[in-house]
Amino acid sequence: MRACCGTAVRPTSSSSTAIRCPIRLRCGGSGACRGRRIRSRSDSSPMATRVRPEDRSTSPGQTADMERSIAISSDTVGAAGLYSSVVTTAPGARTRIHHHGGCETSIWIVSGRARYTFGPSGLEEEFEAAAGDFVYIPAGEVHVEENASDSEPLVVVISRNCPGSVVHYLDEG
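In terms of this note's numbering, the sequence shown opens at residue 1465 and continues consecutively.
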């Protein structure tokens, strides 16, 4: 909840130009909502939410050498079309051959080195990514993610345009 004034606000700097409340449309700029607390959505829909590390849903990843810490999903915050998690992969570990159906995936390499293979079977092409890099996996792209280090864990932040962890395996893992 936040307060809405709907009317001109005195400038906070040396500027002489008054600014308007950014949510002034709630009262049309009339000032009728001055001091009132408002909600931007109905009480039943999700609101802006902070998810602390201790609030995340932790589960095994695709293998025993992976840990998934889910921050944003339909289960954790009621997201309708977004999934975001932190995944830690042990040195040398890799996923099975898989894809994420109709979901696009963005991966930010927080620390470590990752190797991605992809193509019709998931193994035809390859590249490595290091800390600071982003990796984009198109919807339906068959791929494998591997920790390219034999000594350091790989930590990544994964975001997808789907409400949960969608994984379809192509091999007999």
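The beta-carbon is built from N, C-alpha and C at its ideal position, and this holds for glycine as well.
{"query": "Counted within 10 angstroms of its Cβ, other Cβ atoms place ILE1534 as buried (16 or more) or exposed", "result": "buried"}
{"query": "Beta-carbon contacts of THR1522 that lie in its chain and below 8 Å, excluding the five residues immediately before and after", "result": "GLU1531, ARG1532, SER1533 and ILE1534"}
{"query": "For ILE1571: DSSP bridge partner residues", "result": "VAL1599 and ILE1622"}
{"query": "Endpoints, the beta strand (DSSP E) within which PRO1522 is located", "result": "Reading the sequence as shown, one finds Thr at residue 1522 and not Pro. That run of the beta strand (DSSP E) goes 1521-1524."}
{"query": "For VAL1608 and PHE1582, the rounded distance between their alpha carbons", "result": "6 Å"}
{"query": "Bridge partners - MET1530, DSSP secondary structure assignment", "result": "THR1553"}
{"query": "As assigned by DSSP and simplified to three states, the class of GLU1616", "result": "coil"}
{"query": "Nearest to GLY1628 (by Cα), restricted to the options HIS1563, VAL1515, ALA1543 and PRO1524", "result": "ALA1543"}
{"query": "Same chain only: Cβ atoms within 6 Å of GLU1588, ignoring 5 sequence neighbours per side", "result": "none"}
{"query": "Limits of the beta strand (DSSP E) - the one that THR1581 falls within", "result": "1577-1582"}
{"query": "Whole-angstrom C-beta distance between PRO1617 and THR1559, which should lie under 8 Å", "result": "At roughly 15 Å, the Cβ-Cβ gap does not stay under 8 Å, so THR1559 and PRO1617 are not in contact."}
{"query": "As assigned by DSSP and simplified to three states, the class of VAL1631", "result": "coil"}
{"query": "DSSP three-state assignment for GLY1492, whether helix, strand or coil", "result": "With a pLDDT of 48 at GLY1492, under the threshold of 50, the modelled position of that residue is not reliable, and no figure is offered here."}
{"query": "Given ASP1635 as reference, the closest of ARG1624, ILE1601, GLY1596 and PRO1584 once Cα atoms are compared", "result": "PRO1584"}
{"query": "Delimiting residues of the alpha helix (DSSP H) encompassing VAL1541", "result": "1538-1541"}
{"query": "Under the three-state DSSP convention, the category GLU1609 falls into", "result": "strand"}
{"query": "Endpoints, the beta strand (DSSP E) within which GLU1588 is located", "result": "Unbroken run through GLU1588: none, as it is neither H nor E."}
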